[in-house]
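Note that full-length UniProt numbering gives residue 57 to position 57 of the sequence shown, counting from 1, and the numbers run on in steps of one.
Each remark here refers to the structure printed beneath this line.
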Amino acid sequence: MKRKLVKQAVIFVLAFAIISCTDPKSHKVRETAPAVPTTVQKQVEKEPVIITEEREPAETPNVSKLELETFTSYPDEFSGCGCSLFLTEQDKQEQKYIYLDAGDIAMIKLNEEVHTFEYKGKVKGNTLYTSNSMQIEVNITKTVENTEMEETSDVEGTFTVTKGNEKLVQKFIGYCGC
1 MKRKLVKQAV IFVLAFAIIS CTDPKSHKVR ETAPAVPTTV QKQVEKEPVI ITEEREPAET
61 PNVSKLELET FTSYPDEFSG CGCSLFLTEQ DKQEQKYIYL DAGDIAMIKL NEEVHTFEYK
121 GKVKGNTLYT SNSMQIEVNI TKTVENTEME ETSDVEGTFT VTKGNEKLVQ KFIGYCGC
């Protein structure tokens, strides 16, 4: 009888020790459970739960919504002396312009809309044109005299279109002259 009593006491102590060592938070108790689980509940129960640390949203870089497009026709006021700029050599051969200027005016096509600009002068060697809400800054980095066309130079560089917080920088090839 003593052995039986000792066995029961040992079992009781072991059971108490095991229960006291477990984390009470790990026991999941469903307070209100429907009698028959719904399809959504079954699906949710099968999917793993991923806990992520909450953070402040990262600053997203300002992605330009300005889309430059080529154009092939232009008003007569752009005929004569000025610069004609293109994306590629093939565009140049096909006369698909990305920019035209005629000295005191310039034009580009952005987001399916033609925009015209007025000449404002030179800033740090770059030519500046503005409209109501936009600005173009043309930076010619290379000039080579064109042997095929008189009074004309082949040019390369970049131009920057700024509209509010948006900015588009585009490399170009082209020619300037009369």
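For glycine and all other residues, C-beta sits at the position ideal for the given N, C-alpha and C.
### Query
Taking three-plus beta-carbon pairs below 8 Å as touching, is the segment 156-166 in contact with the segment 138-146?
yes
### Query
Roughly how many whole angstroms lie between the Cα atoms of residue 150 and residue 177?
Your numbering for residue 150 matches position 150 in the sequence shown. Your numbering for residue 177 matches position 177 in the sequence shown. Between residue 150 and residue 177, the C-alpha separation is close to 8 Å.
#### Entry: residue 93 - containing alpha helix (DSSP H), residue span
Mapped onto the sequence shown, residue 93 falls at position 93. 89-93 is the extent of the alpha helix (DSSP H) around residue 93.
### Query
Which of helix, strand or coil does DSSP assign to residue 112?
Here residue 112 refers to the residue found at position 112 of the sequence shown. The answer is coil: DSSP assigns residue 112 none of H, G, I, E or B.
### Query
Looking only at its own chain, which residues have a Cβ that is under 6 Å from the Cβ of residue 67, when we skip the five neighbours before and after it?
One-based indexing of the sequence shown puts residue 67 at position 67. 111.
### Task
Find the nearest neighbour of residue 166 within the set 108, 97, 173 and 133, judged by alpha-carbon distance.
For the purposes of this step, residue 166 is taken as residue 166 along the sequence shown, with counting starting at 1. Nearest of 108, 97, 173 and 133 to residue 166, Cα basis: 133.
### Query
Measuring CA to CA, which of 99, 70, 90 and 92 is closest to residue 137?
Taking the sequence shown and counting its residues from 1, the one referred to as residue 137 is at position 137. Measuring from the Cα of residue 137, the nearest candidate turns out to be 99.
### Task
Indicate the three-state DSSP secondary structure (helix, strand or coil) for residue 76 in the structure shown.
To locate residue 76, count along the sequence shown from 1; it is residue 76. DSSP places residue 76 in helix when its eight states are reduced to three.
### Distance CB(residue 84)-CB(residue 174) smaller than 8 Å
Counted from its first residue, the sequence shown places residue 84 at position 84. Counted from its first residue, the sequence shown places residue 174 at position 174. Yes, Cβ-Cβ distance for residue 84 and residue 174 is below 8 Å.
#### Entry: Backbone CA spacing between residue 172 and residue 77 [nearest angstrom]
Reading the sequence shown from its first residue, position 172 is the one you call residue 172. Reading the sequence shown from its first residue, position 77 is the one you call residue 77. Spanning the two alpha carbons is a distance of roughly 22 Å.
### Query
Ends of the beta strand (DSSP E) at residue 159?
On the sequence shown, residue 159 is found 159 positions in, with the first residue counted as 1. Residues 152-163.
### Task
Apply the 10 Å Cβ neighbour rule to residue 114 and answer buried if 16 or more other Cβ atoms are within range, or exposed otherwise.
As a first step, residue 114 must be located in the sequence shown, where it is residue number 114. Residue 114 comes out exposed.
### Message
Using 8 Å for Cβ pairs, my map puts residue 161 next to residue 108. What's the rounded Cβ distance?
### Response
Translated into positions along the sequence shown, residue 161 becomes position 161. Translated into positions along the sequence shown, residue 108 becomes position 108. Indeed, because the Cβ distance is near 7 Å, the residues count as touching under 8 Å.
#### Entry: Candidates 126, 101 and 125, of which the one nearest residue 80 by Cα
Numbered from 1 along the sequence shown, position 80 holds the residue referred to as residue 80. Here the closest residue by C-alpha is 101.
### Message
In this structure, how does DSSP classify residue 31 when only helix, strand and coil are distinguished?
### Response
On the sequence shown, residue 31 is found 31 positions in, with the first residue counted as 1. Any reading at residue 31 must be qualified, since the residue scores a pLDDT of 42, below 50, and its modelled position is unreliable; the value itself is stated next. The answer is coil: DSSP assigns residue 31 none of H, G, I, E or B.
### Message
Let me see if you follow: with CB-CB separation under 8 Å, is residue 166 close to chain B or not?
### Response
The structure shown contains no chain B; it holds only a single protein chain.
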